[in-house]
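A.B. asks: Chains as they are written, first to last, in UniProt numbering: chain A, 1 to 229; chain B, 1 to 256; chain C, 1 to 237. For glycine and all other residues, C-beta sits at the position ideal for the given N, C-alpha and C.
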Amino acid sequence: MLLQGFGPLIASGTWMTIKLALLSMLASVLIGLVGASSKLSGSRLLRGLATGYTTLIRSVPDLVIMLLLFYSLQMLLNQATEWAGVEQIDIDPFLAGVVTLGFIYGAYFTETFRGAFQAVPRGQLEAAVAYGMKPWQVFRRVLFPQMMRFALPGIGNNWQVMIKATALVSIIGLSDIVKATQDAGKSSMQLFYFCVVGGLIYLAITTVSNGALLWLERRYSVGVRKAAL
Amino acid sequence: MKKLALTVCLALASSGVFAKDWKVIRFGVDASYAPFESKAADGKLTGFDIDLGNAICEKLKAKCVWVENDFDGMIPALKAKKFDGILSALSVTEKRAEQIAFSDKMYNSPVRMIAKKGAPLQPTPESLRGKRIGVEQGSTQEAYAKAHWEPKGVNVVPYQNQDLVLSDLVSGRLDASLQDAVQADVGFLRTARGNGFAFAGPEVNDAKILGTGTAIGLRKDDADLRQQINQALAAIHQDGTYQRLAKKYFTFDIYH
Amino acid sequence: MNEILQQYWQAYLWSDGYHLSGVAMTLWLLVASIGIGFVLAVPLAVARVSPNPLIRGPVWFYTYVFRGTPLYIQLLVFYTGIYSIESVRAQPLLDAFFREGINCTLLAFALNTCAYTVEIFAGAIRATPYGEIEAARAYGMSSFTLYRRVILPSALRRALPYYSNEVILMLHSTTLAFTATVPDILKVARDVNSATYASFEAFGIAGALYAVIVFALVWLFRRGEQRWLAFLKPQAH
């Protein structure tokens, strides 16, 4: 057969990558929303913290942050749990991957959302407040749906970058696409072939998500008029 | 939300606080070292270390959990409690003994060099000058090659794991590689991949760097686990389990 | 911490005693791959916006593949994949090239950054104000002169902010070089980690070094933008 019996191994690696990417995406969107709100907030402390966070992430490579967190965070966490007298909480490679990727891309999402929040016309927010909406209602009914339209290209871009960044997690021992295809290549002694197979799987994932993003962009742009050139 | 947090806290707290009675023992392993530890095509771990570990767990009525980790990160990961013991053909050396505790001896493992069959290479700096020698990063062999060979003009190249060393030896990037002799013999030379390669020169000796045999690496404060594992090791020697398992992999006496 | 710095500062900065290592190696990887990538990207970007699909198509395909797969996989293809092919090793020239880990690394890095750079430049070329092009045509410029005198100088300048981003991301990507046994900053940190078991210090020092390089790059690009993008600033009297 085409995959010489390594099909199940590679399929489970692919599933692992997709799971990792989706969960990290969720984590980083949440962090991004919090980060963007802090950057736009009136509090000096929050703004400073958020700026420090995004600067740090932009300056230190993801792989370094990943290794740093994978080895050191566990030690710190152990000290904390021992001090508190509770059972050790284990950071396995999957959790470490989600936490690190979420932490890293949270910074990029912070920037994306900050821009998008600012792009929503102020008048609409003021109108919503004038209608007597509570801050949460303003966010849910007016700010969020509109912001999404401005944020989508950025979100799509971050997602594409993040899928590719998941490949790094095989370095801290997760059995993702890279690990699975490398193992298959070594066992069958056809390294070149299986490297290319790994690349094609990523290409398929990015192509599918490109399509999905186009669809989403169209959906969120319903009602937006564009002048025909 | 608060309720959820509370439940999580309780669940964490109730799942066995302090009292480490070792119902579960987690061993760190770098599965790139056949016949001691490697991965079958279906992803299962196999090898002499794996069998020994499972036999020890059985004697202790504990559950063995295997955690895969690159060899160079084993000791930091052990200290970070990612697992409770290193069972991965770990040689006992003075330098490592400063950091961690060791169980009793598991088996002996001489160190030898391999190269292309018929290559006129000897494990001496004179013979290897200008050549490229692969070693596993963080291994005793790396320490040896860096101490004895690199200063004399040998190009020592460390790799993340033994598999990568052998891959580059096969592809011809390396002139030779230095590793555990048994591992090289059973896990490489006698497989289809090792076709055309052979041991080059005699065993390499330096008790200070290369150590004396292999053992399970443990945290220094887990003295109870060390004692239990040593008892289990003695027991599997006594009831013949060790000899039976050794026969599965080796035709010679690996213990002495 | 002090002991680590005392023992390894040289390896972190420029040499482990036998080879180039640490910051020097990382900077070399960055400069060489960015340099090659830039030189290739300019003509490819022009081809990318060509009205002829036979010219545009192959460049689109190239950037599509290299931007759609992780650099880590590309590096593995060039380092372990290609050299495992018998016929590559049989060819003396290819053998000599792919045998060296650093060559494979530079090739993968350069092709990767080139793909992103092509799209950045192509986007900037497309965004050239049509009036500039029409005016140049009206002056009777040939296509070549048009690109050389009008489109490229302005497009490359306008691309600068995006390009600086790509350079910084490329610096982050150089951390993958250890895959091909190239001793960059992170490789030294991993060595220190496995020799001293002081993970936080080992990787922390590496992180700080990368941060310093990024700040230097950001400063350089700011200076560049002030110089070359001055014409885009609002006029002040």
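Could you list the residues in the region 79 to 97 of chain C with a C-beta less than 7 Å from some C-beta on chain A, going in chain order?
C.D. replies: Residues passing the 7 Å Cβ filter: T80, G81, I82, S84, I85.
A.B. asks: Shorter than 8 Å from the beta carbon of Y12 (chain C) to some beta carbon of chain E?
C.D. replies: In the structure shown, chain E does not exist; the protein chains are A, B and C.
A.B. asks: Using C-beta distances below 8 Å, list every residue in its chain close to A19 (chain B), excluding the 5 sequence neighbours before and after it, in chain order.
C.D. replies: Low confidence applies here, because A19 (chain B) scores a pLDDT of 43, under 50, leaving its location unreliable; read the following figure in that light. Nothing listed; no residue qualifies.
A.B. asks: Pop quiz: L75 (chain C) and L220 (chain C) are said to be a contact at Cβ under 8 Å. What is the actual Cβ separation, rounded to whole angstroms?
C.D. replies: Wrong, their Cβ atoms sit about 27 Å apart, outside the cutoff.
A.B. asks: Thinking C-beta only, is P125 (chain B) closer than 8 Å to V154 (chain B)?
C.D. replies: Yes, these two residues count as a Cβ contact at 8 Å.
A.B. asks: Taking the CB atoms as reference points, tell me whether T81 (chain A) and I89 (chain A) lie closer together than 8 Å.
C.D. replies: Their beta carbons are under 8 Å apart, which means T81 (chain A) touches I89 (chain A) by this criterion.
A.B. asks: Is there a C-beta anywhere in chain A that falls below 8 Å from the one on T128 (chain C)?
C.D. replies: With 8 Å as the cut-off, T128 (chain C) does not count as an interface residue toward chain A.
A.B. asks: Looking only at its chain, what residues have a beta carbon closer than 6 Å to the beta carbon of Q146 (chain A), apart from the 5 residues adjacent to it on each side?
C.D. replies: Only V120 meet the Cβ criterion.
A.B. asks: In angstroms with no decimal places, state the Cα-to-Cα distance between R190 (chain C) and L209 (chain C).
C.D. replies: Looking at the two C-alpha atoms, the distance is approximately 14 Å.
A.B. asks: The beta strand (DSSP E) with N155 (chain B) in it runs from where to where?
C.D. replies: Looking at the DSSP string, the run of the beta strand (DSSP E) that includes N155 (chain B) is 155 to 159.
A.B. asks: Who are the Cβ neighbours of D70 (chain B) in its own chain at under 7 Å, not counting the five residues just before and after it?
C.D. replies: Contacts found: D30, Q160, N161.
A.B. asks: How about T117 (chain C) and Y163 (chain C): are their beta carbons less than 8 Å apart?
C.D. replies: Contact: yes.
A.B. asks: Three-state secondary structure (DSSP) at F102 (chain B)?
C.D. replies: F102 (chain B) falls in the strand class under three-state DSSP.
A.B. asks: Between which two residues does the alpha helix (DSSP H) holding S188 (chain A) run?
C.D. replies: Start and end: 177 to 188.
A.B. asks: Going along the chain, which residues of its own chain have a beta-carbon closer than 7 Å to the beta-carbon of Q10 (chain C), five neighbours each way excluded?
C.D. replies: Hits under 7 Å: none found.
A.B. asks: Per DSSP, which residues does V120 (chain A) bridge with? Please list them.
C.D. replies: Answer is none; V120 (chain A) lacks a bridge partner.
A.B. asks: Measuring only the C-alpha atoms, how far is S199 (chain C) from D224 (chain B)?
C.D. replies: If I take the Cα positions, the gap works out to 27 Å.
A.B. asks: So M170 (chain C) and T113 (chain C) are supposed to be a Cβ contact under 8 Å. How far apart are they, rounded?
C.D. replies: Between T113 (chain C) and M170 (chain C) the Cβ distance is about 5 Å, and since that is below 8 Å, they are a contact.
A.B. asks: Check whether the region 21 to 35 of chain B touches the region 69 to 88 of chain B, counting contact only when three or more Cβ pairs, one atom from each stretch, lie closer than 8 Å.
C.D. replies: Flag = yes, the region 21 to 35 of chain B and the region 69 to 88 of chain B touch.
A.B. asks: For the pair the region 93 to 100 of chain B and the region 172 to 189 of chain B, tell me if three or more CB-CB distances fall below 8 Å.
C.D. replies: Taking 8 Å as the limit for Cβ pairs, the verdict is that the region 172 to 189 of chain B does not touch the region 93 to 100 of chain B.
A.B. asks: Thinking C-beta only, is V46 (chain C) closer than 8 Å to Y147 (chain C)?
C.D. replies: Yes, the pair counts as a contact, with Cβ atoms nearer than the cut-off.
A.B. asks: In the region 98 to 175 of chain A, which residue ranges form an unbroken beta strand (DSSP E) of at least 3 residues, counting only runs that do not cross its ends?
C.D. replies: The qualifying runs do not exist here; there are none.
A.B. asks: Could you tell me whether the Cβ of residue 286 (chain C) comes closer than 8 Å to any Cβ of chain B?
C.D. replies: Residue numbering for chain C in the displayed model covers 1 to 237; residue 286 (chain C) lies beyond these limits and cannot be assessed.
A.B. asks: Report yes or no: do three or more beta-carbon pairs, one from the region 171 to 187 of chain A and one from the region 12 to 20 of chain A, lie closer than 8 Å?
C.D. replies: The region 171 to 187 of chain A is in contact with the region 12 to 20 of chain A.
A.B. asks: To the nearest angstrom, report how far apart Q118 (chain A) and F109 (chain A) are at their CA atoms.
C.D. replies: The straight-line gap from Cα to Cα measures roughly 14 Å.
A.B. asks: Got a sec? Which residues, its chain only, sit under 6 Å from G154 (chain A) by beta carbon, not counting five neighbours each side?
C.D. replies: For G154 (chain A), where only same-chain residues beyond five positions count, the Cβ hits under 6 Å are T112.
A.B. asks: Taking Cβ positions only, does E37 (chain B) come closer than 8 Å to chain A?
C.D. replies: Output row for E37 (chain B): interface = no.
A.B. asks: If we require 3 or more residues per run, which beta strand (DSSP E) segments fall completely within the region 54 to 79 of chain B?
C.D. replies: Runs of the beta strand (DSSP E) inside the region 54 to 79 of chain B: 63 to 68.
A.B. asks: Can you pull the DSSP bridge partners for T46 (chain B)?
C.D. replies: B:S38, per the DSSP bridge assignment.
A.B. asks: Mind listing which residues of the region 5 to 39 of chain C have their C-beta closer than 7 Å to chain B's C-betas, in chain order?
C.D. replies: Flagged, chain order: Y18.
A.B. asks: In whole angstroms, what separates the C-alpha of residue 233 (chain A) from that of G140 (chain C)?
C.D. replies: Only positions 1 to 229 of chain A appear in the structure, and residue 233 (chain A) is not among them; the question remains open.
A.B. asks: DSSP three-state label for M141 (chain C), please.
C.D. replies: The answer is coil: DSSP assigns M141 (chain C) none of H, G, I, E or B.
A.B. asks: Are there 16 or more other CB atoms within 10 angstroms of the CB of V208 (chain A), so buried, or fewer, so exposed?
C.D. replies: Exposed, by the Cβ-count rule.
A.B. asks: Could you tell me the boundaries of the beta strand (DSSP E) in which T214 (chain B) lies?
C.D. replies: Unbroken beta strand (DSSP E) run through T214 (chain B): 214 to 218.
A.B. asks: Along chain A, in chain order, which residues have C-beta atoms closer than 7 Å to that of A80 (chain B)?
C.D. replies: Correct list: Y71, Q74, M75, N78.
A.B. asks: Sorted by chain position, which residues of the same chain lie with C-beta nearer than 7 Å to A147 (chain B)'s C-beta, five sequence neighbours on each side aside?
C.D. replies: Counting only Cβ-Cβ distances below 7 Å, and skipping sequence neighbours, we find I209.
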